[in-house]
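Q:
Number of protein chains: 2
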Amino acid sequence: MENQDIKKAGLKITLPRVKILTLLEKHGGHLSAEDVYKILLEEGEEIGLATVYRVLTQFEAAGLVVRQNFEGGQSVFEIDSGDHHDHLVCLKCGKVEEFLDTTIEKRQEAIARKLGFTIKDHALVIYGYCDKPECNQD
Amino acid sequence: MENQDIKKAGLKITLPRVKILTLLEKHGGHLSAEDVYKILLEEGEEIGLATVYRVLTQFEAAGLVVRQNFEGGQSVFEIDSGDHHDHLVCLKCGKVEEFLDTTIEKRQEAIARKLGFTIKDHALVIYGYCDKPECNQD
DNA sequence: GATGATAATGAGAAATCTTCTCATTATCAT
DNA sequence: ATGATAATGAGAAGATTTCTCATTATCATC
Ligand SMILES: [Mn+2]
Ligand SMILES: [Mn+2]
Ligand SMILES: [Zn+2]
Ligand SMILES: [Zn+2]
Numbered sequence: 001m002e003n004q005d006i007k008k009a010g011l012k013i014t015l016p017r018v019k020i021l022t023l024l025e026k027h028g029g030h031l032s033a034e035d036v037y038k039i040l041l042e043e044g045e046e047i048g049l050a051t052v053y054r055v056l057t058q059f060e061a062a063g064l065v066v067r068q069n070f071e072g073g074q075s076v077f078e079i080d081s082g083d084h085h086d087h088l089v090c091l092k093c094g095k096v097e098e099f100l101d102t103t104i105e106k107r108q109e110a111i112a113r114k115l116g117f118t119i120k121d122h123a124l125v126i127y128g129y130c131d132k133p134e135c136n137q138d
Numbered sequence: 001m002e003n004q005d006i007k008k009a010g011l012k013i014t015l016p017r018v019k020i021l022t023l024l025e026k027h028g029g030h031l032s033a034e035d036v037y038k039i040l041l042e043e044g045e046e047i048g049l050a051t052v053y054r055v056l057t058q059f060e061a062a063g064l065v066v067r068q069n070f071e072g073g074q075s076v077f078e079i080d081s082g083d084h085h086d087h088l089v090c091l092k093c094g095k096v097e098e099f100l101d102t103t104i105e106k107r108q109e110a111i112a113r114k115l116g117f118t119i120k121d122h123a124l125v126i127y128g129y130c131d132k133p134e135c136n137q138d
């Protein structure tokens with residue numbers, strides 16, 4: 001249940017928080033703060049955009065969601081399943097695919113070690129065109 | 001000479017363009033539009049921030065510079081040497097290191113192929129702490 | 001279940017980064 | 001040198017995100 005996750009994060013169980021977390025779980029994909037805001041409005045919820053931004057940032061700090069900064073426009077958020085992964089983004093239709101490549105992950109560690117960096121996080125996003133007919137070719 | 005690069009891009013040789021390109025070449029590293037603007041002002045140039053943004057975007061389109069979207073804050077620009085590379089960024093001091101790993105590059109191709117994507121571009125940024133004493137640890 | 005200290009919310013203002021508009025000025029082919 | 005056209009600079013405006021603060025909700029305690 002979402003309520004336990006919220007409580008564990010040291011946050012009070014409020015309607016906006018439950019609605020936002022439930023929506024992200026139900027949706028499963030990548031949503032911007034404004035996406036979340038609009039969907040909840042359409043569902044008849046009373047919520048403020050500032051609250052959505054605030055809560056998503058709190059959820060991120062609590063490890064409940066992950067923020068992705070794809071190029072251009074807004075950040076998007078997704079449930080933190082615990083399994084790190086990277087992304088492919090279609091420049092035409094916006095479709096997002098996920099992948100995890102242990103070879104890449106290991107190489108990153110080696111590179112950081114060689115250059116004296118302690119890795120805290122990383123972001124690998126491949127931009128291109130997906131295989132849908134209307135997206136193919138430049 | 002910068003002038004030829006600008007001309008080849010189909011752009012007129014103007015003082016702002018020459019100054020911006022020269023500064024990026026001289027500096028060698030990663031500069032935000034505002035960095036460029038402030039440095040040129042300090043050097044006594046008369047230039048507008050809008051021009052800096054406009055010109056950097058034109059240079060990017062022309063393949064003269066590359067834009068990097070590191071998380072938080074402004075985009076930064078660097079001369080496009082033609083050699084693609086990725087980045088490590090220190091979260092404490094902002095230091096940026098560059099690297100190129102052919103293993104990672106090849107794996108990305110394989111992943112895109114498997115998922116039906118045609119790669120147009122990619123961004124790999126490793127965030128962490130560099131080996132300077134004041135940056136080490138958390 | 002009622003009470004109250006405290007945290008959370010929502011609306012709008014504001015901050016931040018970037019692009020746009022448009023009158024003025026510079027470039028460059030002729 | 002001239003003129004068509006492109007570029008510039010200042011400020012307005014757009015886009016995204018955060019902040020402020022008065023009002024409201026939560027929840028530990030009674
Ligand atoms: Mn994802
Ligand atoms: Mn670089
Ligand atoms: Zn697509
Ligand atoms: Zn550092």
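Protein sequence lines correspond, in order, to chains A and B.
Residue numbers are given in my numbering: position 43 of the first sequence equals residue 43, and the series is strictly consecutive.
Residue numbers are given in my numbering: position 57 of the second sequence equals residue 57, and the series is strictly consecutive.
For glycine and all other residues, C-beta sits at the position ideal for the given N, C-alpha and C.
Since the structure is predicted, the reported quantities are computational estimates derived from the model, not experimental observations.
#1: Looking at the structure shown, is A50 of chain A part of a helix, part of a strand, or coil, going by DSSP?
#2: Using 8 angstroms as the cut-off, can you tell me whether the region 63-80 of chain A makes contact with the region 25-37 of chain A, which would need three or more C-beta pairs spanning the two stretches below that distance?
#3: Quick check: is any heavy atom of ligand 4 less than 8 angstroms from the C-beta of G29 of chain B?
#4: I need the straight-line Cα distance from K19 of chain A to Q74 of chain A, nearest angstrom please.
#5: Rounding to the nearest angstrom, what Cα-Cα distance links T51 of chain B and E60 of chain B in this structure?
#6: Any idea if G128 of chain B is buried or exposed, counting beta-carbon neighbours within 10 angstroms, 16 or more meaning buried?
#7: Just to check my reading of the structure: D80 of chain A and V65 of chain A have Cβ atoms closer than 8 angstroms, yes? What is that Cβ distance to the nearest angstrom?
#8: With DSSP collapsed to three states, give me the class of I13 of chain A.
#9: Would you identify the three-state DSSP class for D83 of chain B, choosing helix, strand or coil?
#10: Taking all protein chains shown into account, decide if R17 of chain B is buried (16 or more other Cβ within 10 angstroms of its Cβ) or exposed.
#11: Would you kindly work out how many angstroms separate the C-alpha atoms of K38 of chain B and E2 of chain B, rounded to a whole number?
#12: Residues around ligand 2, please: the ones whose beta-carbon is closer than 5 angstroms to some heavy atom of it, in chain order.
#13: For N136 of chain B and chain A, any beta-carbon pair shorter than 9 angstroms?
#14: Taking the beta strand (DSSP E) that K38 of chain A belongs to, which residues open and close that run?
#15: Taking all protein chains shown into account, decide if C90 of chain A is buried (16 or more other Cβ within 10 angstroms of its Cβ) or exposed.
#16: Between I126 of chain B and A112 of chain A, which are expected to be in contact by the criterion C-beta below 8 angstroms, what is the C-beta distance as a whole number of angstroms?
#17: Since L88 of chain B and L100 of chain A are thought to touch, with beta carbons under 8 angstroms apart, how far apart are those beta carbons, to the nearest angstrom?
#18: Applying the 10 Å Cβ sphere with the 16-neighbour rule, what's the burial state of H122 of chain B?
#19: Report yes if the CB atom of I47 of chain A is closer than 9 angstroms to the CB atom of L40 of chain A, and no otherwise.
#20: Can you tell me which of the three DSSP states Q201 of chain A falls into?
A: Here's the rundown:
#1: Helix at A50 of chain A.
#2: Below 8 angstroms, enough C-beta pairs join the region 63-80 of chain A and the region 25-37 of chain A to call them touching: three or more.
#3: Closer than 8 angstroms to some heavy atom of ligand 4: that does not describe the Cβ of G29 of chain B.
#4: Roughly 21 angstroms separates the two Cα atoms.
#5: Roughly 14 angstroms between the two C-alpha positions.
#6: Looking at its Cβ environment, which holds 16 or more other Cβ atoms inside 10 Å, G128 of chain B is buried.
#7: Yes, D80 of chain A and V65 of chain A are in contact; Cβ-Cβ is about 6 angstroms, under 8 angstroms.
#8: Under the three-state reduction of DSSP output, I13 of chain A falls in the coil class, being neither helix nor strand.
#9: Reduced to three states, the DSSP call for D83 of chain B is coil.
#10: Sixteen is the threshold: when 16 or more other Cβ atoms of the shown chains lie within 10 Å of the Cβ of R17 of chain B, as they do, the residue is buried.
#11: Those two C-alpha atoms are separated by around 21 angstroms.
#12: Listed by chain position, these are B:E78 and B:E98.
#13: It does; some Cβ of chain A falls within 9 angstroms.
#14: In this chain, K38 of chain A is not harboured by any beta strand (DSSP E); it is covered by the alpha helix (DSSP H) spanning A33 to E42.
#15: The residue in question, C90 of chain A, is buried, as its Cβ has 16 or more Cβ neighbours within 10 Å.
#16: That pair is a contact at about 6 angstroms.
#17: 20 angstroms between Cβ atoms; not a contact.
#18: Looking at its Cβ environment, which holds 16 or more other Cβ atoms inside 10 Å, H122 of chain B is buried.
#19: A contact, by the Cβ cut-off of 9 angstroms.
#20: Since the displayed chain A opens at 1 and closes at 138, residue 201 of chain A lies outside it and no answer follows.
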